[in-house]
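Trainee:
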Amino acid sequence: MGAELRRSARPGDLVVVCPDQLGPAIQRLAPTDVRVVRTPDLGDPRFVDWVDYADRQAASSVSVVADRILATAGTGTIWLVWSGSYRLAGPQCDELAGRLSAIRPGTSPEVQADPAKYFESASLIRLVAR
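Position one of the sequence shown corresponds to residue 781 (my numbering), numbered consecutively onward.
1) Are the CB atoms of T819 and Q872 within a distance shorter than 9 Å?
2) Alpha carbons only, please: which of Q807, S865, L860, D821 is nearest the one belonging to V845?
3) Which residues does DSSP list as the beta-bridge partners of C798?
4) Assess, as a yes-or-no matter, whether the segment 821-837 is touched by the segment 874-887 under the definition of 3 or more beta carbon pairs within less than 8 Å.
5) Helix, strand or coil: how does DSSP classify S843 here?
6) How far does the beta strand (DSSP E) with R787 in it extend, from its first residue to its last?
7) Using a Cβ-based criterion (distance less than 8 Å to any ligand heavy atom), does S903 qualify as near the ligand MG?
8) Classify V831 as buried or exposed, calling it buried when 16 or more other Cβ atoms lie within 10 Å of its own Cβ.
9) Would you identify the three-state DSSP class for R808, choosing helix, strand or coil?
10) Count the other CB atoms, across all protein chains shown, that sit within 10 Å of the CB of R906; report buried if there are 16 or more and exposed otherwise.
11) Tell me whether R906 sits in a helix, a strand or coil according to DSSP, three-state version.
12) Return the chain-ordered list of same chain residues with a C-beta closer than 8 Å to the C-beta of R848, the five sequence neighbours on each side being excluded.
As structure tokens, then:
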């Protein structure tokens, strides 16, 4: 993941992690000139706020989060690091990946999750603006 982001992400691109639990590792691996945010609040990816975590995840709207991501990214490429296998946030991450892919067709999968090899794996997709 980190190698692909360092090779291909450019200034002005936006890296989004879903669920936020992926944020600390991705923030460390991503290029320093690319903004990284966590979902659902588009906050600082270095931290996971566990207070009322399940309630906040349940209260978030995938369509609202997707709209905020698109507005934040503008014409930059969105790099979505996501996994549907996390118990509390996984289904929302699947929905978010689907929604963003529908809005930005031509989505390119860069790294595929490999749950047979890694316990908590994730995928990386590139969503280029039209």
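Here a beta-carbon is modelled for each residue, glycine too, at the ideal position from N, C-alpha and C. If you're wondering where the values come from, they're calculated on a predicted model, not measured in any experiment.
Mentor: Taking the geometry as given:
1) T819 sits close to Q872, with the two beta carbons spaced by under 9 Å.
2) D821
3) W862
4) no
5) helix
6) Run containing R787: none in the beta strand (DSSP E); it sits in the alpha helix (DSSP H), 782-788.
7) Ligands displayed in this structure: none; no statement on the ligand MG is therefore possible.
8) exposed
9) Looking at R808 - three-state DSSP - the assignment turns out to be helix.
10) Buried, because 16 or more other Cβ atoms sit within 10 Å of the Cβ of R906.
11) strand
12) L822
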